Amino acid sequence: IKEITYLHAEGYPGGALKHGPFALIEGENNGKFGATPIVLIVLDDEHASFMKTAAESVRARGAHTIVITDNPAMCENIADEVIPIPTNGPMTALLATIPLQLIAYELAVRKGINPDVPRNLAKAVTVD
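In full-length UniProt numbering, the protein residues as written are 1 to 128.
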């Protein structure tokens, strides 16, 4: 998201949200631009309960929660918006990256940025 939209975005493990990022969340009535959008990946796996708790916590602080999930019914009460993905065993987590790429693409287009031509992109990387 940062590279093609020039917007600040951070990825955090669900359990790490308690240690700092909560301070950045602004609710609809507090934020200059509305509620802080938080995108969470909540898969129906052994981490589901932890991620659901994380989603509930950021939503309780006023964030606009967008949940990418392979089990939409599991996320009805924790998400403002749900993006469903298919379940495909160990490949499910990989499938969750596709909506993230589409979100980045759409944000860039809405800002008038060509996502295929990011600024300051080096054509080659050299290692000394």
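For every residue, glycine included, the Cβ atom is placed at its ideal position computed from N, Cα and C. Here the structure is a predicted model, which is why all the values come from computation and not from measurement.
DSSP state of residue i mapped onto helix, strand, coil
i: glutamate 81; result: strand
i: threonine 36; result: coil
i: isoleucine 113; result: coil
i: residue 151; result: Residue 151 falls outside the range modelled here, since the chain spans only 1 to 128, and no answer is possible.
i: valine 58; result: helix
i: isoleucine 41; result: strand
i: proline 99; result: helix
i: alanine 73; result: helix
i: alanine 9; result: coil
i: glycine 14; result: helix
i: glutamate 3; result: helix
i: threonine 87; result: coil
i: proline 118; result: coil
i: threonine 92; result: helix
i: residue 145; result: A question about residue 145 goes unanswered here, because the residues of the chain that appear run from 1 up to 128.
i: glutamate 28; result: coil
Residue i, buried or exposed, once every other Cβ within 10 Å from all chains shown has been counted against 16
i: arginine 119; result: exposed
i: lysine 52; result: buried
i: residue 138; result: Not covered by the structure: residue 138. The range shown for the chain is 1 to 128.
i: tyrosine 91; result: Per the sequence shown, the amino acid found at residue 91 is methionine instead of tyrosine. Its Cβ having fewer than 16 others within 10 Å, methionine 91 is exposed.
i: leucine 7; result: exposed
i: histidine 64; result: buried
i: leucine 121; result: exposed
Best match in the options for proximity to residue i [C-alpha to C-alpha]
i: leucine 40; options: Tyr12, Glu28 and Pro115; result: Tyr12
i: threonine 87; options: Thr97, Thr69, Ile78 and Ala35; result: Thr69
i: glycine 62; options: Glu28, Glu46 and Ile98; result: Glu28
i: proline 99; options: Ser57, Pro84 and Leu17; result: Pro84
i: glutamate 26; options: Leu121, Val58, Ile113 and Ala104; result: Val58
i: aspartate 80; options: Gly15, Glu46 and Glu56; result: Glu56
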